[in-house]
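So the structure is just underneath, and the comments pick up after that.
Protein chains: 2
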Amino acid sequence: MSDTTLKKISQVLGISISTVSRALKDHPDISAATKKKVLELADTLEYEPNATAVNLRTKKTKLFGLMVPSVTNMFYDSFISAIEEESRKTGYSLLILQSNDNPEAEVENLKLCRQNRVSGLFACYSFETNNLAAFDKVKAADIPLIFFDKVPDQTDYNKICLADKEAAVMAAEALQKKNKKNILAIFGSRQLSITKRRLESFTASFDKKKNAALHIEHAHSTSLAEDITLQYFQKLDKPDAVFCMSDEILMGAMKSLMRLGISIPGDTGVIALSDGSIPKLYYPEIAFVETSGYNLGKLAFKRMSECLNGDKEIHEDLVPSRLVEGGSL
Amino acid sequence: MSDTTLKKISQVLGISISTVSRALKDHPDISAATKKKVLELADTLEYEPNATAVNLRTKKTKLFGLMVPSVTNMFYDSFISAIEEESRKTGYSLLILQSNDNPEAEVENLKLCRQNRVSGLFACYSFETNNLAAFDKVKAADIPLIFFDKVPDQTDYNKICLADKEAAVMAAEALQKKNKKNILAIFGSRQLSITKRRLESFTASFDKKKNAALHIEHAHSTSLAEDITLQYFQKLDKPDAVFCMSDEILMGAMKSLMRLGISIPGDTGVIALSDGSIPKLYYPEIAFVETSGYNLGKLAFKRMSECLNGDKEIHEDLVPSRLVEGGSL
DNA sequence: ATTATTTTCGCAAACGTTTGAAGCAAATTT
DNA sequence: AAATTTGCTTCAAACGTTTGCGAAAATAAT
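Set out below in structure tokens:
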């Protein structure tokens, strides 16, 4: 039974509850003899401290909230994975919440976080929401809030982002180094700030003198990326390289390339921004600039720890990228 | 501030705590007038009930534990996603735990579940653990336990599994219908019961008279599946079909097929057991027998609800499969 | 006007911990 | 021998709710 409480132990042993409590946490006040007795009984009775009682008494919970748009997304998975690892190390548990890019679910989730008195919250900024009020409520409740990946523009929030600009530049440079002249570049939804950043620095870093043709397209879904790619490679003047801003886009593009029997890197080169799991599915493996959800998670957690230690400053941190060659360029 | 409590509201309004509590939950004892007052003040003070206090008092938590080997796995993701959706609908939250196939992390996680007094636990049986003692502890604590996907052999646990046998048979029949005669069939780790079930019914359902050659192989990882496939397709007598027991295996097999330029379905057919996300990456899309983590999750949650409603019976439920044609056979 | 009934509310205990302060022996110092 | 210290233990309050029960006030029935 898990209905073993301090009280029960104390009654069996004929000592007070407080003594039991202190004995269990190895308090110096308690004699070795009683400590031993208590520990042993607690063991045989399979005592487990009641977390809710502890939380209530100490006004702290060893609990983090973590809200993602969707859990069925490799990027967020690896983020979650990183947070979970670190959380467990430090004795915290994770409350996972999905917003499904749905504003109502989002405020519902945030309410849950407040009710559960989470010690901190990692959240993604669902772009359908231009309503930060619900987030401000958690801030007002003194819950450290860290936005990751998709973050609001406002400056008064902690943010951990991928080094989008840097990554886009690395991809652009890799393409130029290979002397690509006719590039299909597929980006995500226009309204995402992440798209804007990547798009800007990508285009900007092309050397005008080398006048490569850049075909900029936007796809908000895998299948749209597939269509776009199909279209471009059915033309006579086929691109000699494809740049994909994300895994979702890469998946679509690759499907069309496979369909048309385009050989990589013979007929065309491919490079993507990705965390790597998708690029490694293909042969040759697709070159990618790593945008690691895992590293993002590690950094976010680090920032959270600092916040928990009383750091009230507002930071915006970036996770560095690196180019992973894959034989596709 | 989230430090608004019933007490505070009661003081401001000059009424008792219990009245406030009852007013907030629309108790018939309370007059409409005071209800209105209370509701309004609670609103402006942004009152949120303290979940830990509620839990302590009611001895219930609106919290489920969910332990998976790893969160970076599309199958488990869709499972998690399903559970999360249903949980939120019913006002529950989700504690996510990763075991990483590590027995120590597993017992640690189970302890966390007990300490947090979760109302129920969904768990995967990490095959490295032949130690069910930790699970028995949560059962002893009267926490409904539902194993999913990988489950122990013992009969005294609730289990929700994929209809492995059925699925394997469907795949075998699909292969025979296409008259495949030289089949490479790659299965997962031998020690997994899931492998045993799939392997048995797969082989058994082949019609002996048609004497198709079956090459049974085992791969516990993607890269091993890749190697095996490479090996078989470098022979003169190439298989005319590949069967992959899981997504991990499919990914490896496909990589080698791409590498060798084997055309699908021209040179060889491919079929897999999968939840579908991976097969849809390729062109043509790979035929698969659906083993949906999402449906598994929905069913597991249904079972959990029953348990919570006092159903003490032990069930073993199966999620039905269906064949999804994909142009790869 | 008295009793009975309903409506509305408050008291107080309980859930299982933690923790400052106080109690009380025995041991040590003056 | 009195005073102080030390070592161990207990008391009691508090965290924020929920809830059975009783009480007062308002309404209805006699």
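Chains as they are written, first to last, in numbering that gives the first Met the number 0: chain A, 0 to 328; chain B, 0 to 328.
Just so it is clear, CB atoms sit at the ideal spot from N, CA and C, and this is done for glycine as well.
Just so you know, these numbers come straight off a predicted model, no measurement behind them.
Taking 8 Å as the CB-CB limit, is A/Y282 close to chain B? By this cut-off, A/Y282 is an interface position.
Taking Cβ to Cβ, would you say A/Y231 is nearer than 8 Å to A/M253? no
Segment limits, beta strand (DSSP E) that includes B/K158: N157 to L161
Tell me the start and end of each unbroken beta strand (DSSP E) in the segment 44-123 of chain A that is at least 3 residues and wholly inside, in chain order. Complete beta strand (DSSP E) runs here, min 3: 62-67, 92-97 and 119-122.
Mind listing the chain A neighbours of B/D76? Cutoff is C-beta to C-beta under 7 Å, in chain order. V70, T71 and D76
Span of the beta strand (DSSP E) around B/G268: G268 to S273
Cβ shell of B/V11 (< 7 Å), same chain only, five flanking positions each side left out: L40
Using a Cβ-Cβ cut-off of less than 8 Å, give me the residues of the segment 88-106 of chain B that come near chain A, in sequence order. S92, L93, L94, I95, L96, Q97 and A104
Taking Cβ-Cβ distances shorter than 8 Å, what residues in chain B pair up with A/L322? Chain B residues near A/L322: none, gap ~21 Å exceeds 8 Å.
Within chain A, the residues that B/N54 reaches when beta carbons sit closer than 7 Å: T51
Let me know if B/P319 comes out buried or exposed under the rule of 16 or more other beta-carbons within 10 Å of its beta-carbon. exposed
Beta-carbon contacts of B/T194 that lie in its chain and below 8 Å, excluding the five residues immediately before and after: F186, G187, S188, H217 and M244
Chain A contact for B/T60 (CB, 8 Å cutoff): With 8 Å as the cut-off, B/T60 counts as an interface residue toward chain A.
Which bits of chain A does B/M303 rub up against, with CB to CB less than 8 Å? Ordered by position in chain A, no residue passes the 8 Å Cβ test against B/M303, which lies about 16 Å from the chain.
Look up A/D206 in the DSSP assignment and say whether it is helix, strand or coil. coil
With contact counted as at least three CB pairs below 8 Å, one residue from each stretch, are the segment 293-304 of chain A and the segment 151-166 of chain A in contact? yes
Are the segment 112-124 of chain A and the segment 101-115 of chain B touching by the rule of at least three beta carbon pairs closer than 8 Å? no
Taking all protein chains shown into account, decide if B/K176 is buried (16 or more other Cβ within 10 angstroms of its Cβ) or exposed. exposed
Let's test the definition: count the other Cβ atoms within 10 Å of the Cβ of B/L235 and tell me whether it reaches 16, buried, or not, exposed. exposed
Range of the contiguous beta strand (DSSP E) that encloses A/A240: First-last of the beta strand (DSSP E) with A/A240: A240 to C243.
Skipping 5 residues on each side, what residues in its chain have a beta carbon closer than 7 Å to that of A/S204? Counting only Cβ-Cβ distances below 7 Å, and skipping sequence neighbours, we find V168, A171 and E172.
On the CB-based measure, 16 or more other CB atoms within 10 Å of its CB, does A/E247 come out buried or exposed? buried
Is DSSP giving B/L412 helix, strand or coil here? Past the boundaries of the shown model lies residue 412 of chain B; chain B is included only from 0 to 328, so the question cannot be answered.
Three-way DSSP call (helix, strand, coil) for A/A318 in this model: In the sequence as presented, Ala is not what sits at residue 318 of chain A; that position holds Val. Reduced to three states, the DSSP call for A/V318 is strand.
Pull up the distance between the alpha-carbon of A/I142 and that of A/D155, whole angstroms please. One Cα belongs to A/I142, the other to A/D155, and the distance between them is close to 14 Å.
Endpoints, the beta strand (DSSP E) within which B/N181 is located: N181 to F186
For A/V150 and A/D316, I'd like the C-alpha separation in whole angstroms. C-alpha separation (whole angstroms): 12 Å.
So which residues of chain B does A/R258 contact, with C-beta pairs closer than 9 Å? Y282 and P283
Between the Cα of B/D42 and the Cα atoms of B/A140, B/R56 and B/I8, which residue gives the shortest distance? B/I8
What is the DSSP secondary structure of B/I215, counted as helix, strand or coil? strand
On the DSSP letters alone, give me the boundaries of the alpha helix (DSSP H) that A/L144 sits inside. First-last for A/L144: L144 to F147, but that is the beta strand (DSSP E), not the alpha helix (DSSP H).
Taking the Cβ atom as the reference point for each residue, do B/S98 and B/S125 lie within a distance shorter than 8 Å? yes
Under the assumption that A/V323 contacts A/A286 (Cβ atoms under 8 Å), give the Cβ distance between them as a whole number of angstroms. Rounded, the Cβ-Cβ distance is 7 Å, consistent with contact.
Counting only beta-carbon atoms, is B/S80 nearer than 8 Å to chain A? yes
When A/E284, A/K209 and A/M250 are compared against B/K279, the one with the closest alpha-carbon: It is A/M250 whose Cα lies nearest to the Cα of B/K279.
Identified DSSP bridge partners for B/V37: Answer is none; B/V37 lacks a bridge partner.
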